[in-house]
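One structure is given here, and the rest of the page talks about it.
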Amino acid sequence: MSEPVALGLFSGGLDSILACRTVADQGVRVVALKFVTPFFDHDLLAKKQEYGDAMRRKYGLEVEVIDISEGYLRLLDNPAHGFGKHFNPCIDCKILMLTRARELMPAHGASFLLTGEVLGQRPMSQRRDTLRVIERDSGCTGLLLRPLCAKLMPPTQAELDGLVDRERLHGFSGRGRKEQKQLAARLGIADYPTPAGGCLLTDPNLAARIKHFYQGLFSFGGQRAVDDIRMLTVGRQFKLDDDTWLILGRSERENARLLAMRGPDDWLLRMTTRPGPLGLLRHARSALAGTDREEAAIRRAAGLVVRYGRKEEGGPSPAEVRIDQGSASVQARFAPLADDEFAAWRI
1 MSEPVALGLF
11 SGGLDSILAC
21 RTVADQGVRV
31 VALKFVTPFF
41 DHDLLAKKQE
51 YGDAMRRKYG
61 LEVEVIDISE
71 GYLRLLDNPA
81 HGFGKHFNPC
91 IDCKILMLTR
101 ARELMPAHGA
111 SFLLTGEVLG
121 QRPMSQRRDT
131 LRVIERDSGC
141 TGLLLRPLCA
151 KLMPPTQAEL
161 DGLVDRERLH
171 GFSGRGRKEQ
181 KQLAARLGIA
191 DYPTPAGGCL
201 LTDPNLAARI
211 KHFYQGLFSF
221 GGQRAVDDIR
231 MLTVGRQFKL
241 DDDTWLILGR
251 SERENARLLA
261 MRGPDDWLLR
271 MTTRPGPLGL
281 LRHARSALAG
291 TDREEAAIRR
301 AAGLVVRYGR
311 KEEGGPSPAE
321 VRIDQGSASV
331 QARFAPLADD
341 EFAAWRI
């Protein structure tokens, strides 16, 4: 008889590690699904193999990275269970991930699903009534095992069928981490992440920025493009007029990210005479090129690049700025903008 298979939701945090290991150590093949969106762990798409190798080496787990960005962006338009404190649809997020995991079960030959949820750990999404709603609305009634708090919940089909031993599951509850740490020590797991809010939608500043984008910050924002949403998470952001979106890198690392994220419709600005931020005018070719707004937008954008560049003795001073417009580029000298000129443009 072949070993049973389970699919687990895997955040990479301690609870999901322990849940997957608890079941895997009972002779079940666990495939840990690492779902990513523009708001959490999207960079893993470029290093799936490296990440998978690291998780196997550190925790003995088989991890698969899966992008659910498109569905997630649609979800944010109107989550059935609303938002948390900021722009975070935590309940609907879990429902979306479990729904996707359930859809993947036949391809993996899986018999059940598992998560690292702990009863009472999170006030919004891990109450007993909410856990039942998540299971119901994702179509996972009877399929979903929560190994860390299973003894406090009704037996699942996997337990009733003998695929896992209920006595070897756990009855954790509440926000404390003592029991999880003790279990990790027993399993020989010492190197694990500290608890942190990994979703950008729980960050008050970024959440507000993303919410404004969804509410029509730019006319092209209705497209809900994944790349546009990702762009909102980088650097200083400015709305120079109705359709002119400027992002400035705040460090060499962010400059490199902007350069890597640049699309064919974007223009780049940088000083040629001293160090400073890379400026990216998003969708500039279609929004600005050949319009009567182009000159003013370039002056504003270049003025901001100079304003945030390295200061010379005596404060900000004019500098040469190169504007790369794709197949062509222009260069001119621009004065830095005064702070009171652009305060209203900040996003």
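For the sequence shown, the numbering used here assigns the number 1 to the initial residue and increments by one for each residue that follows.
In this text, a Cβ means the ideal position worked out from N, Cα and C, and glycines have one as well.
Straight-line Cα distance separating residue j from residue i
i	j	result
D137	L96	9 Å
G13	L131	19 Å
L163	V28	8 Å
E3	A24	10 Å
F218	K94	29 Å
R230	F40	10 Å
C20	A32	7 Å
P155	C90	25 Å
L144	M153	11 Å
D265	L18	45 Å
G276	P193	34 Å
L7	S111	8 Å
R272	P38	The residue asked about is misnamed: residue 272 is Thr in this sequence, not Arg. Approximately 32 Å between the Cα atoms of the pair.
I351	G84	Lying before the first or after the last residue shown, residue 351 is absent from the chain, which here runs from 1 to 347.
G235	D324	19 Å
Residue i, DSSP secondary structure in three states
i	result
T272	coil
Q237	strand
T99	helix
G303	helix
G315	strand
T202	helix
F40	strand
L145	strand
L337	coil
S251	coil
L169	coil
R230	helix
L18	helix
L258	helix
L119	strand
Q180	helix
G52	helix
Y214	helix
C90	helix
T130	helix
S425	Residue 425 falls outside the range modelled here, since the chain spans only 1 to 347, and no answer is possible.
P79	coil
A185	helix
Counterpart residues of residue i in DSSP-defined beta bridges
i	result
F112	A6
R322	R270, Q331
L246	F238, L281
A32	G8, V63
S69	DSSP lists no partner for S69.
R346	F238
Next on the checklist: Would the region 204-211 count as touching the region 178-192 if we require 3 or more Cβ pairs under 8 Å?
Outcome noted: no
Practice problem: Pair every Cβ in the region 113-123 with every Cβ in the region 169-180, then say whether three or more of these pairs are closer than 8 Å. | Solution: yes
**Prompt:** Is it a yes or a no for the region 100-109 touching the region 43-61, going by three-plus beta-carbon pairs under 8 Å?
**Reply:** no
So, do the region 312-319 and the region 280-288 have three or more beta carbon pairs nearer to each other than 8 Å? no
- Any contact of the region 141-149 with the region 159-173, i.e. 3+ C-beta pairs under 8 Å? yes
Practice problem: Answer yes if the region 290-308 comes into contact with the region 232-243, meaning at least three C-beta pairs across the two stretches below 8 Å, and no otherwise. | Solution: yes
(request) Could you say if the region 253-266 and the region 105-115 meet the contact criterion of at least three C-beta pairs nearer than 8 Å? (result) no
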